[in-house]
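Each residue of the sequence shown is one higher than the one before, starting from 29 at the first, in this note's numbering.
Note that beta-carbon positions come from the ideal geometry of N, C-alpha and C, so glycine has one too.
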Amino acid sequence: MAFDRYLDQRELFQEYSSYSDAHELAAAARRMTERGDDRAAMMTESAQNALSGNTITDEDALAVNAHISQGLLRQRHDIVTRLREQDPPMSWTRIGELLGMSKQAAHRWHTRGYLRPTTDNPSTHADEQN
């Protein structure tokens, strides 16, 4: 891994966002080139600069994505639990609407589907490697 120190959730998200933005810019530059857009060269140069400034690799990005996603799913589970425990409890129909799924799918996700293997913060052992 490319991490030289421990990064908290906010820092990990910033690294991942920079990585993601650079790759989106590169994809936009490719589309502009394919269309023959006059601004493609300028966009390609911007994309190359953004990509060269990335501090994380594709492998790092996948590890960060898995860690961030797992954290968000845990938070979602906690929020749904609080909504169901309030008086009166929020209906599964409404929870499903908010999550973009049926009430049955929301209930199933909350009771058993959310459980996934947890991932460690990918920068956890960075200090030990240096």
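Expressed to the nearest angstrom, what Euclidean distance is found between the alpha-carbon atoms of R102 and L127?
Approximately 14 Å between the Cα atoms of the pair.
One question on the structure: do T72 and T85 come within less than 8 Å of each other, judged by their Cβ atoms?
Contact: no.
By the 10 Å Cβ neighbour count, where 16 or more other Cβ atoms means buried, how is I123 classified, buried or exposed?
Classification of I123: buried, given that the 10 Å Cβ count is 16 or more.
Is H95 buried or exposed, if buried means 16 or more other CB atoms sit within 10 Å of its CB?
The residue in question, H95, is buried, as its Cβ has 16 or more Cβ neighbours within 10 Å.
Starting from the Cα of A75, find the closest Cα among E87, D49 and G99 and give me that residue.
Of E87, D49 and G99, the residue nearest in Cα terms is D49.
Pop quiz: G47 and A91 are said to be a contact at Cβ under 8 Å. What is the actual Cβ separation, rounded to whole angstroms?
Sequence check: residue 47 is Tyr here, not Gly. With 8 Å as the limit, Y47 and A91 do not qualify as a contact, their Cβ atoms being about 11 Å apart.
Per-residue DSSP class, three states only, for Q132:
Assignment of Q132 by DSSP, reduced to helix, strand and coil, places it in the helix class.
Skipping 5 residues on each side, what residues in its chain have a beta carbon closer than 8 Å to that of A30?
These residues qualify, in order along the chain: T83, I84, T85 and D88.
Selected residue, minimal CA-CA separation from I134, among H105, H153 and G99:
It is worth fixing the name first, because residue 134 is Ala in this sequence and not Ile. Considering only H105, H153 and G99, the residue with the shortest C-alpha distance to A134 is H105.
Apply the 10 Å Cβ neighbour rule to N158 and answer buried if 16 or more other Cβ atoms are within range, or exposed otherwise.
Model confidence at N158 stands at a pLDDT of 49, short of 50, so the residue's coordinates are unreliable and nothing is read from them.
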